[in-house]
Amino acid sequence: MKTREELITLAYDARKQAYAPYSGFRVGAALLTKNGAVYLGCNIENASYGAANCAERTAFFKAVSEGEREFAAIAIVGGAEDGPSGRMCAPCGICRQVMREFCDPKTFLIFLEDGNGGISEYTLEELLPRGFGPENLT
Ligand code: THU
Numbered sequence: 000m001k002t003r004e005e006l007i008t009l010a011y012d013a014r015k016q017a018y019a020p021y022s023g024f025r026v027g028a029a030l031l032t033k034n035g036a037v038y039l040g041c042n043i044e045n046a047s048y049g050a051a052n053c054a055e056r057t058a059f060f061k062a063v064s065e066g067e068r069e070f071a072a073i074a075i076v077g078g079a080e081d082g083p084s085g086r087m088c089a090p091c092g093i094c095r096q097v098m099r100e101f102c103d104p105k106t107f108l109i110f111l112e113d114g115n116g117g118i119s120e121y122t123l124e125e126l127l128p129r130g131f132g133p134e135n136l137t
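At position 6 of the sequence shown (counting the first as 1) the number is 5 in numbering that gives the first Met the number 0, and the numbers step up by one without a gap.
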């Protein structure tokens, strides 16, 4: 099973593929399944700005489309291409909601650089408290 440091390194690898000609803000994500597989994602922007896809959702949609449904953790790195590295890039609200669809809020972990050379770790519940999920519809 990958460590959180390894996942952050993989997120940096994924960030190299970021397509961000409009914002110049490049993001990478490494999504770990409960079986130890890793799916990478980057942000993909569009001339029609609203069609952009975040790195986290790219990783989730790749994984789900390959049949994965059980997730353990995600590492996310991002920042302006000419900005300081290692600054925290927290997932946007839409990505948190996508995580909520497939992940246990109490156990799914989100690894973010803290801006001081360390890694901060949050549960999904910490980043999306009292969220709306599939069980609310039953
Ligand atoms: N972005 C992500 O990919 N993930 C985040 O968590 C925050 C924002 C992207 C979307 C857009 O391409 C760029 O960063 C600026 O918002």
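By construction, the Cβ of each residue, glycine as well, lies at the ideal position given by its N, Cα and C atoms.
heavy atom of the ligand THU below 7 angstroms from residue i C-beta
{"i": "Ser22", "result": "yes"}
{"i": "Gly77", "result": "yes"}
{"i": "Cys221", "result": "Given a span of 0 to 137 for the chain in the structure shown, any question on residue 221 remains unanswerable."}
{"i": "Val97", "result": "no"}
{"i": "Glu26", "result": "At residue 26 the sequence reads Val, which differs from the Glu that was named. Answer for Val26: yes, Cβ within range of the ligand THU."}
{"i": "Ala19", "result": "yes"}
{"i": "Pro90", "result": "yes"}
{"i": "Glu80", "result": "no"}
{"i": "Ala50", "result": "no"}
{"i": "Glu5", "result": "no"}
{"i": "Ala71", "result": "no"}
Identity of the residues DSSP links to residue i by a beta bridge
{"i": "Ser141", "result": "Only positions 0 to 137 of the chain appear in this structure, which leaves residue 141 out of reach."}
{"i": "Cys41", "result": "Gly27"}
Cβ-based burial, residue i [other Cβ within 10 Å; buried from 16]
{"i": "Ala50", "result": "exposed"}
{"i": "Tyr38", "result": "buried"}
{"i": "Gly27", "result": "buried"}
Nonlocal neighbours in the same chain, by C-beta distance under 8 angstroms from residue i, ignoring five residues either side
{"i": "Ile93", "result": "Cys53 and Arg56"}
{"i": "Ser84", "result": "Gly78"}
{"i": "Met87", "result": "Leu111, Glu112, Asp113, Gly114 and Ser119"}
C-alpha gap between residue i and residue j, whole angstroms
{"i": "Ile75", "j": "Ala89", "result": "7 angstroms"}
Beta-carbon contacts of residue i that lie in its chain and below 6 angstroms, excluding the five residues immediately before and after
{"i": "Ala19", "result": "Arg25, Asn42 and Glu44"}
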